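Each residue of the sequence shown is one higher than the one before, counting from 71 in our numbering.
Note that the Cβ used here is the ideal one computed from N, Cα and C, for glycine as well.
Keep in mind the model is a prediction, meaning the values are calculated, not measured.
Report on the structure given below.
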Amino acid sequence: MTTHDAPPTTAPGATTVREPAAGPGQPFVRRLWRGRPEDPRWARPALLFLLAATLLLYLYGLGASGYANSFYSAAVQAGSTSWKAFFFGSLDAGNAITVDKPPAALWPMALSVRLFGLNSWAILAPEVLMGVATVAVVYAAVRRRFSPVAGLVAGTVLALTPVAALMFRFNNPDALLALLMSAACYLVVRALEDGRTKWLVWAGTAVGLAFLAKTLQAFLILPALAVVYAVCAPVPLRKRFAQLAAATLALVVSGGWWVVVVELWPASSRPYIGGSQHNSFLELTFGYNGLGRLNGEETGSVGGGGGARGGGMWGETGWDRMFDSEIGGQISWLLPTALILLVAGLVATRGARRTSVTRASFLVWGGSLLTTMVVFSYMAGIFHQYYTVALAPYLAAVTGMGAGLLWERRREGWAAVTLAASLVAAAAWGYVLLHRTPDYLPWLRWLVLVGGLVAALGLVFVGRLTRRLALATAAVGLVAALAGPAAYTLSTVRQGHTGSIVTAGPAGASMMGGRGGGPGGPGGGRTWEGMPGQGQRNQQNQQGQQNQQGGPGGQGNGFPGGGFPGGTPGRNQQNGTPQNGTQPNGTQPNGNGFPGGGRTREGGMGGVGGLLNGASVPAEARKLLEQDAGDYTWAAASIGSQNAASYQLATGEAVMAIGGFNGTDPSPTLAQFKKYVEDGRIHYFIAGGGMGGGTGGGNGTASRISSWVQSTFTKVTVGSATFYDLTRKADD
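What follows is the structure, given as structure tokens:
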């Protein structure tokens, strides 16, 4: 039995004709085009085509998303003008408060904005490049142990995963996290090949940097990586543990240096750590962004999950969460197939020696997939559909490796049958997912099902077919398996996405309802705040006006923006933007709702004002805030980060976010805010906004500040927006 401990030199079905090796003495362009000397001539051009196609796909219509998540875009804008804000990840250049994550994911975008100016492409293009790099890493990892075909399958699966196409075009931290975690898996496999310490140290460094992107989520795969290396590495046991210790040290240094600086920096001269209740990054890491995500007890959060089989605000938990109507269309298209291929890969290598790199590769990528999937399935706290992009590289790698291994053994009956079964799973589950959106390309689900079943039947006998017919059968099967996610991916890139919660695919692809049917359409009808559980979609260029009562001019009733979530039909909150309140490309921002939709109170899921989405900034309001802004540290202050971010992006001036993202962080205190006003550092207070605005959130800090301002200073109304001039007392 072959153990696949040496990289194959020939792809299945490839010609054995070889060109002269493109060694170090060859021109760079030739080496780039030719690739590895043992590869067939088409392998490197095919890879370059895949990367170029991925780049063009992800760049298509990129500007339609405007500032995407204005929360992070505001921090990028601040970091592009202030190195202190850059280092800490401050939401504003005045350094009042940070975002609720470490800043590594902001750094590439902030540097891009420093070079190219503040615009949608400067913010989002680095995310696209991270997506292309992730595809390259997954290809390289699979190609090393299997074949160029297997690597191309893995890379294509990743590129066409809907949630990957969404998040590699968005400015949340998940793009950098996915890239670094893929690199960590690749580097561990490299270490398993020859037992060299440097690869394991680099893997620890990648995980440490991933921690600076999204804190403890980076550690989810550590148990799998550590156990696999401890068991399978081709060096003595004592050396294995010494190497793991060195990798741990690298992780601590690469991820901990920033934490040490922040914790030792005097709190009085740095921004408040957003998302924490005691101005501590460690508290943020292990509380709101750590254990709180698992048990649902996130202090200052907008709500938690429902526990095992529960139905809380963030969806039902349970072993099948990745397949339900909220998550399935984002990531699970080939998940049943990947699980079948993972088992097949482990069975095929069961007789291999302990140090088999092929089996270890399945354990590294498959272990990462299973660990992350289980944690996501039972998280009771805040959970968004787009988190599942973390699964995409693992799923793609396992699919490519498993398909490559079984194809190589296709003349063995069990391998052919298993390969056919994996395709049946892809076709059947693709049909189910497409059936959940029955009005979307209704013919496609039948094409996927019939094409997949026909190809699967051919794969059962693939060992007896001619080479040409076998390749044709495999091609039909691959097209059938990828047609569904490819269609959802194309729908994703054709639309702009803004707000804090976004989903991939066409309208209705991710429905708040979990399991079972209900009034919300296919997939169920779980509600939020009594509203029907309709499908969540960001409708590009949705026309909507400012919520007259609940927008920036509203008085606040506990919801960000002051109004009922979503306002009234056709009057949704808008994502704040520069110049005239439109997106950088001149289109109207969407009024996407909670979570991620674009419907209104009467029509379904509406926007939670300035909590999850930005607010519209009228031109008159922008001009007002820009007047004499250079005389103040903050042109204005607003409750909640999204509301503040909207005005900051529209004016280019620092705007203080009272209470952080949810308006519930106890920063600044009323005494601190009074001191800022007394010192003439804040010009205006923006009425409404933030969850803490009218509910006493954040120990009542935001509510007390709002009450003090309204009773003390002069109200200024500009169109539909209401401000308070903090330089003019009400009785003046």
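Buried or exposed by the 16-neighbour rule on C-beta atoms within 10 Å, applied to Ala800: The residue is exposed, with fewer than 16 neighbouring Cβ atoms inside 10 Å.
Selection from Val219, Pro218, Ala714 and Leu290 that minimises the alpha carbon distance to Leu250: Leu290
Residues of its chain near Val487, where Cβ-Cβ distance is below 7 Å and the 5 sequence neighbours each way are ignored: Val530
Rounded Cβ spacing between Ala180 and Val146 (contact assumed at less than 8 Å): 5 Å
Cutoff 6 Å; reference Ala283; Cβ partners in own chain excluding five residues on either side: Ala174, Ala175, Pro243, Leu246 and Leu247
DSSP-derived helix/strand/coil call for Ala577: coil
The region 106-115 touching the region 127-138, judged by at least three CB pairs closer than 8 Å: no
Classification of Lys171 by the beta-carbon crowding that lies within 10 angstroms, buried from 16 upward: buried
CA-to-CA distance, Ala408 to Gly265, given in whole angstroms: 28 Å
N-terminal and C-terminal residue of the alpha helix (DSSP H) that Ile410 is part of: Leu405 to Ala418
Rounded straight-line distance, which links the Cα of Phe240 to that of Ala689: Taking the straight line joining both Cα atoms gives about 26 Å.
Assigned secondary structure, Ile167 (DSSP; H/G/I helix, E/B strand, else coil): strand
Pick from Ala556, Gln697 and Ala791 that is closest to Arg63, judged by C-alpha positions: Because residue 63 is not part of the residues shown, which for the chain are 71 to 802, the question remains open.
Classification of Val747 by the beta-carbon crowding that lies within 10 angstroms, buried from 16 upward: buried
Meets three-Cβ-pair contact criterion under 8 Å: the region 392-406 and the region 491-509: yes
Start-to-end residues for the alpha helix (DSSP H) that takes in Tyr717: Ser711 to Thr721
Extent of the continuous alpha helix (DSSP H) to which Thr488 belongs: Where Thr488 is concerned, the enclosing alpha helix (DSSP H) stretches over Gly483 to His505.
Gly569 and Asn139 closer than 8 Å at C-beta: yes
Buried versus exposed, by CB contacts within 10 Å (16 or more), Glu396: buried
Exposure label - Arg479; buried when at least 16 CB within 10 Å: buried
Cβ-based neighbour list, Leu286, same chain, cut-off 7 Å, excluding 5 preceding and 5 following: Thr355, Asn359 and Gly360
Expected contact under 8 Å - CB spacing of Leu228 and Val205 to nearest Å: That pair is a contact at about 5 Å.
Anticipated Cβ contact below 8 Å, Leu270 with Gln313, distance rounded: 5 Å
C-alpha gap between Ala803 and Ala545, whole angstroms: The question about residue 803 has no answer here: the residues shown for the chain are numbered 71 through 802.
Collapsed DSSP secondary structure at Tyr456 in the structure displayed: helix
Rounded C-alpha distance that separates Thr387 from Val502: 20 Å
Span separating the alpha-carbon of Asp509 from that of Leu517: The alpha-carbon atoms of Asp509 and Leu517 are separated by roughly 15 Å.
Per-residue burial, Ala699 [other beta carbons within 10 Å of its own, 16 or more giving buried]: buried
Option in Thr734, Ile775 and Thr797 with minimal Cα separation from His348: If you compare the alpha carbons of Thr734, Ile775 and Thr797 with that of His348, the shortest gap goes to Thr734.
Contact under 8 Å by Cβ, Leu719 with His753: Inclusion of Leu719 and His753 in the CB contact set at 8 Å is not warranted, their separation being larger than that value.
Helix, strand or coil at Arg480 according to DSSP, with G and I counted as helix: coil
Inter-residue spacing [alpha-carbon to alpha-carbon] between Ala234 and Lys745: 46 Å
Neighbour flag for Gly149 against chain C, beta carbons, 8 Å: Here chain C cannot be found, since the structure has a single protein chain.
Outcome for Gln712 when other beta-carbon atoms lying within 10 angstroms are tallied against a minimum of 16: buried
Contacts around Val198, its chain only, beta-carbon distance under 8 Å, and the 5 residues preceding and following it disregarded: Leu125, Tyr128, Leu129, Leu132, Phe238 and Arg239
Cβ neighbour criterion (16 or more within 10 Å) applied to Pro341: buried
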